[in-house]
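Participant:
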Amino acid sequence: MLTVENLTVRFPTRFGDTTAIENININVQAGEIHGLVGESGAGKSTVGAAVIGLLQTPGYIAEGSIMLGDTDLRALGVNQAHALRGKRISMIFQDPQTSLNPLMTVEDQLVETILAHEKMSADEARTRAIDLLEEIGIKNAAERIKSWPHQFSGGMRQRVVIALALCTNPELIIADEPTTALDVAVQSQVLDLIRSLADKRKIGFILITHDIGVIAQIADRVTVMRNGHVVESGETAQVLGRPKHAYTRALMSAVPPMDHKIDRFSVPTTEGIEGTSVSTGDLAEQWLLEEKGLSEGEQKELSIGLSIEALDVRFSGTRKSLWRKPEDFIALDKISFNVKPGSIMGLVGESGSGKSTVAKTITGLITPNSGTMMLGNEVLPAGKSRSRKHPSRRIIQMVFQDPYSSLNSRHKIGSILTEPLWFYGLEKDPAKRQELAASMLALVGMAPDAIDKYPHQFSGGQRQRIAVARALLARPRFLICDEPTSALDVSIQAEILNLLKDLQSKFGLTILFISHNLSVVRQMADDMVVLRNGVIEEAGKTEDLFERPQAEYTKKLLSLTPVMPKDWA
Amino acid sequence: MFYFIYKRLIQSVFVMLAVAFLAFSLFRFVGDPITQMTGVETSVVDQERLREELGLNDPFISQFGRFTVDMLQGDFGYSFRTRQPVAEMIASRIPATLELGVVALLISLVVGIPAGVYTALRPRGVITQTILITTLIGISIPTFVIGIMLIFLFGVQLGWLPTFGRGETVNIGFWESSFFSIDGWRALILPAVTLGVYQLTLTMRLVRAQMMDVMRSDYIRFATARGVPMRQLYFRHALANTMVPVITIIGLQFGGVIAFSIVTESVFQWPGMGLLFLESIRFVDIPVMGVYLVVIAFFFVVVNLLVDLLYVAIDPRLRV
C-alpha cells in the first residue's frame, strides 16, 4: 500500500546541505504494523514527516519516491497534499497532553476533522464521532464527547488522539512514539488498541519508537535505523530473533532484561561516545576515598542508611467553594521504608504515584505534614526547618531525570563541577578544584577537556555523566537518582547504569533509585518499594518481588511491561 | 471560579485602599491646605479656627477614615481652583476620555490583530517586512510628535479633519457623546489614531510572537496532519490560543490608555480627564489631582477584573 523508495531528505544549512536520511526503503501493507526503531538522531521521525508531507522547514525531499496506492505523494500540489492528510494518511503524536487543542471540546475537534473530509451534516458527523469514541473504549461517549481535553486522563487523551486520527478512515497512520509518554498499564491498552485497529479496519501503521519491547510486542515488520540509514529490515521475529547486523544485536542486548538479573549491561561498542584517550580518574577516586583516610573496605563501613517512618505529605487542593475548606490532595499516605547502608533501593510506580515527592521530601524541598526521616543515626530535619548549613545537604545529592534542564546552560562544565567543592568548603585551593573536577570527569568516563565547554556541546548521555560527576564532587554518601535514564537512549542508558553500579560498589554509596521502568530497577536495585497513589503496595527484596510478587498491583505491572520473547534476547 | 472572583475582589479592595491613601497623603501633606484656601490677609487666628473646623487637627487615622467614607459616598470635595465639586468636574470629563480610549483601543485591535496574524503566517514576505519596519518607526516616535504630524497633514495641509476639541456632541442623560454626529466622529479620528498607534504596534508584535509560538505547537501540527482546513487552523485553533496571553496585555494597555491619554488630550485640546489633570497640576489643584488618581486606579482595577473574567471565558481549564 505504502511504498517508499530511495527516500533522501536533506536540510540546507549555511555550510551546505546535511543529509538527514538517505536511501530509505519501506513497504507497508494494509493491516500491517511496521515498526521503525532506532536511537535519537536516527531519522525515524523524519521518515514519518516526509511521508505525511510535514517536514520541518527548510528540510526537503532530495530523492526517491513515496507512493500511497497509486498516488505519487511527491507529485501532489500543496492543496492536494493537505486534502490528503487526514483523509488517507493520518498521524498520532507522542504526547497526548500537548497534541489536543486545549480550548476546543473533543466534539468540536472531531466534528471539524470529519467535516473537513466528508460530505455530511454536522449531526451525522457527531454520530460518527460518538460511535468512534465508543469503539475506541471511551465509555459513555455521548456525554464525554462534550468534555474538554484537560478533563481526560493521559491514556484517555491518547485514545481521543487516536480517534481523531481515525475519524476519516485513513489507510495509513503514522504513530510517532505513541506510548512513550504513558504509563505501562495505559501503554499496553493503547498498543492493544492499535493492534486491533490494524486487524479489524485493515489500517497500515508506521510505528516509530525507540522501545524495542514495544516493537517486539505488536509490530509485524520492523526496520532498524541508525544515523539516517536503514540497518536492517524484515519480519519482526526474524530481525529481532536472528539479527544479522551487529548494531541490531548491540541495540537489543543494551535493553535491560526483565526476567533475570545480569551483572553488567553490554554497551553497543560501535557507539564511539567515550573519548579515545580517557585519562584515569585516580585523583578523584583517591579524593573520594580519602575522607578520614580510609581504605576501600573501611570506606564501606561509613555507608549511611536512611529510614523513613510514617511520612505523610499533603497538598492543599483547589478551592471549589467560598465556605468549605478545600480537600487536601494526599501525595504520600504515611509511608515507611528503610534503605540499608550501601545498598540500592528501587522506588517504582506510575506517574502520580508520589515517587518524586519522596525524593523531594528527603532532599528537603517539600515539607511533610508528619513523619520522621532518619539519616544514619540522626534525625533529618524536615523541609524548611533544615538549615542551609545542615550537613545532610552535602551528604544527600540528587541526579535528575532531564540532563538538558538540570545543568545551567550559561555555566561552563568547570564551574558547574567546582561549585560543590567551594560551596561545601571541601577544597580551598582553586587550582586543586579544577584538577579534581577534571579527574572526576575522567572517573565518569569523559575526556577532561570537557571542562572548558558548555552543557549544550554535549549529548544527553554525556550530560547525565556530568550530572553524576557534579553530585559526586559533593562527596555524598546518599545519592537519589530520579529517573536518571528515562530521557536517554538504551545504549546510553546502559552506560549510565553501569557507571552508577561501579561507583556504588567502589565507594559504598547508598542509592535511592526512582524509576517507572521495571527492568531497569530489576538490574539495579537490591531492595525495592512499589508505590501507588501515595501508598506502598509492596516492598521487599528485588529478586523476590520479581519472582514471587504478592500484591495484585505488582503482578499487573509486571505482566503489562512489554518484553521480548526469551529466545530472542 | 466564584472563589477566584472573590479573591480578586478582595485584592481590588486593598489596591483601592492603597491608592486612596496615596491620594489622601497628597492632599494632606503636599503643602498646607489652609494656606492654599485662604488669602494672605487672613489672620493666623482665623486660619487656626478654620483648621479646627475642618478637622485638620484630628489624628491622621480619623482624617483618613473620614476621607475614605466621604469618597465611598461620592463626596470628593471641592476644587481649589473652580470651587466646584470635584465629582462633577471629573464626571463631566469622563465620557470624553472613555470614548477616546475605546476608539483608540478598537483601532489598535482591528488593525493590530489581523496584522499580527498575517506577519506571523508569512514571516518572510515583503509585506511583513514593510509592516514590521513601519510600525517600528511608529513605536519609536513620541506620541505628541505623531499627533502634531497628523494635525499638520490632515488638519492644516489637507484641511480634512478638525484639529482640536470634540466637535458636535449629543447629550444622553449626563453622558456627553460625540458618537452620534458626523462632526463628532471627524473630531475623534485624529486623536484616536494618535493614541492607538503605540498600542497597535504593541498588540501586533505580541500577537505575532504568540502566533508563531502557537503555530509550532503539537496540537497545530496534529491538526495539520489531520487535514483541518487552513482557514480553521489559523483562525479557530491558533488564534484562540494566541489570545490568552494577549488579552492580559491589552487589558493593562487599556488602563494605560485611559491614564496616559494626557499627552494626546493636550495636543488635541480634547476636553477629557487628562486635560483636566494637566490644568489642575498647573494650578496646584490638589483635590482634583487626588481624585483623578483614585478614579484612574479604579479603571485599572475594573479592567483587570474584566480581563480575569475573559480568561475564564476563553480557557476552559480555568473553570473548575
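Protein chains in written order, with UniProt numbering: chain L, 1 to 569; chain P, 1 to 320. Glycine included, C-beta positions come from ideal geometry on N, C-alpha and C.
1. Of all the options P:Arg-216, P:Phe-154 and P:Pro-287, which has the alpha carbon lying nearest to the alpha carbon of Ile-90 (chain P)?
2. Please state the DSSP three-state secondary structure of Ile-215 (chain P).
3. For Ala-551 (chain L), which residues from the same chain have a beta carbon less than 6 Å from its beta carbon, with the 5 sequence-adjacent residues on both sides left out?
4. What residues of chain P sit near Glu-352 (chain L), judged by a beta carbon separation below 7 Å?
5. On the criterion of 16 or more Cβ atoms from any shown chain inside 10 Å, does Gln-73 (chain P) qualify as buried, or is it exposed?
6. Would Gly-272 (chain P) be called buried (16 or more neighbouring beta carbons within 10 Å of its own) or exposed?
7. Starting from Ile-314 (chain P), find everything on chain L with Cβ-Cβ shorter than 9 Å and list it in chain order.
8. Terminal residues of the continuous alpha helix (DSSP H) containing Ile-258 (chain P)?
9. Output, in chain order, the set of chain L residues within a Cβ distance shorter than 8 Å of Val-228 (chain P).
10. Using a Cβ-Cβ cut-off of less than 9 Å, give me the residues of the region 352-381 of chain L that come near chain P, in sequence order.
11. For Ala-50 (chain L), which residues in chain C fall below 7 Å Cβ to Cβ?
12. Check whether the Cβ atoms of Phe-205 (chain L) and Glu-32 (chain L) sit closer than 9 Å, and answer yes or no.
13. List the residues of chain L whose Cβ lies closer than 7 Å to the Cβ of Ser-217 (chain P), in chain order.
14. Have a look at L:Thr-209, L:Val-184 and L:Tyr-424 and flag the residue whose alpha-carbon is nearest the alpha-carbon of Pro-562 (chain L).
15. How is Val-111 (chain P) classed by DSSP in three states: helix, strand or coil?
16. When you compare only the Cα positions, how much space is there between Asp-308 (chain P) and Val-294 (chain P)?
17. Which partner residues does Gln-397 (chain L) have in the DSSP bridge list?
18. Tell me the residue span of the alpha helix (DSSP H) that contains Pro-430 (chain L).
19. Tell me which residues share the same chain as Thr-113 (chain L) and place their Cβ nearer than 7 Å to its Cβ, disregarding the 5 neighbours each side in the sequence.
20. By how many angstroms is the C-alpha of Asp-218 (chain P) removed from the C-alpha of Pro-170 (chain L)?
21. Pro-287 (chain P) lies in the beta strand (DSSP E); which residues open and close that run?
22. Just to confirm before moving on: does the CB-CB distance between Val-257 (chain P) and Leu-195 (chain P) stay below 9 Å?
23. Does the beta-carbon distance from Asp-315 (chain P) to Pro-102 (chain L) come in below 9 Å?
24. Please identify the residue among L:Glu-5, L:Ala-83, L:Leu-68 and L:Gly-41 whose C-alpha is closest to the C-alpha of Ala-62 (chain L).
25. Compute the Euclidean distance between the alpha carbons of Gly-213 (chain L) and Met-1 (chain L), then round it to the nearest angstrom.
26. Which term fits Pro-114 (chain P), buried or exposed, when burial requires 16 or more other beta carbons within 10 angstroms of its beta carbon?
27. Let me make sure I understand the geometry here. Which of P:Thr-264, P:Val-246 and P:Arg-66 has the alpha-carbon closest to that of Arg-208 (chain P)?
28. With distances taken between CB atoms, is the gap from Tyr-198 (chain P) to Val-117 (chain P) smaller than 9 Å?
29. Out of curiosity, what's the CA-to-CA distance linking Arg-522 (chain L) and His-260 (chain L)?
30. If we count the other Cβ atoms within 10 Å of its Cβ and call it buried at 16 or more, is Gly-173 (chain P) buried or exposed?
31. Got a sec, what are the start and stop residues for the alpha helix (DSSP H) Asn-498 (chain L) sits in?
32. Any idea what DSSP makes of His-34 (chain L), helix, strand or coil?
33. For the beta strand (DSSP E) that contains Trp-175 (chain P), what are its first and last residues?
34. Using a Cβ-Cβ distance under 9 Å, would Ala-104 (chain P) count as near chain L?
35. Establish whether the CB of Arg-236 (chain P) and some CB of chain L are separated by less than 9 Å.
36. Are three or more beta carbon pairs between the region 77-97 of chain L and the region 38-58 of chain L nearer than 8 Å?
Facilitator: The structure says:
1. P:Pro-287
2. Here the sequence assigns Met to residue 215 (chain P), which means Ile is not the residue at that position. In the structure shown, Met-215 (chain P) sits in a helix (DSSP, three-state: H, G or I).
3. Glu-537 and Glu-538
4. Going by the sequence as given, residue 352 (chain L) is Gly instead of Glu. Under the 7 Å cutoff, chain P gives no residues; its nearest Cβ is about 18 Å from Gly-352 (chain L).
5. exposed
6. buried
7. Leu-103
8. 239-259
9. Gly-86, Glu-112, Thr-113 and Ala-116
10. none
11. Any reference to chain C falls outside this structure, whose protein chains are L and P.
12. yes
13. Thr-98
14. L:Val-184
15. helix
16. 21 Å
17. L:Leu-479
18. 430-443
19. Gly-86, Leu-164, Cys-167 and Thr-168
20. 20 Å
21. Here Pro-287 (chain P) belongs to no beta strand (DSSP E); instead the alpha helix (DSSP H) covers 286-314.
22. yes
23. yes
24. L:Glu-5
25. 26 Å
26. exposed
27. P:Val-246
28. no
29. 8 Å
30. exposed
31. 490-507
32. strand
33. 175-177
34. no
35. yes
36. yes
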